[in-house]
Amino acid sequence: MVLISNNGKERGFETLDVVKRYFQKIFTVIPKDVREQLMDLNLSKDELKEVKKELVFLPDEKQKEYLNELSKKK
Numbered sequence: 009m010v011l012i013s014n015n016g017k018e019r020g021f022e023t024l025d026v027v028k029r030y031f032q033k034i035f036t037v038i039p040k041d042v043r044e045q046l047m048d049l050n051l052s053k054d055e056l057k058e059v060k061k062e063l064v065f066l067p068d069e070k071q072k073e074y075l076n077e078l079s080k081k082k
């Protein structure tokens, strides 16, 4: 795929900063037990969305630690 910039130069999409940042991140899928624990927290839809954004880039063990801390605050 080729993108054409405003100045008419062609460049590949992989040169875009947002694409570079995305592929530099290592992320995981949220495991079932973590999702269940999330549902038990009774968060609003917006809060749940924000927490999921935080969790998705953490390894499994860190996800569980994060949720344990969050549940202590609730």
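Numbering (this note's numbering), first residue to last: 9 to 82.
Think of the CB as a built atom: it goes at the ideal place given N, C-alpha and C, for glycine as much as any other residue.
According to DSSP, is Val-37 helix, strand or coil?
In the three-state reduction of the DSSP assignment, Val-37 falls in the coil class.
Grab the span of the alpha helix (DSSP H) containing Asn-76 for me, first residue to last.
68 to 81
Anyone know if the C-beta pair for Leu-49 and Ser-79 falls short of 8 Å?
yes
What is the C-beta distance between Tyr-74 and Glu-58, in whole angstroms, given that I count them as a contact (C-beta under 8 Å)?
Contact flag wrong, Cβ pair sits at about 12 Å.
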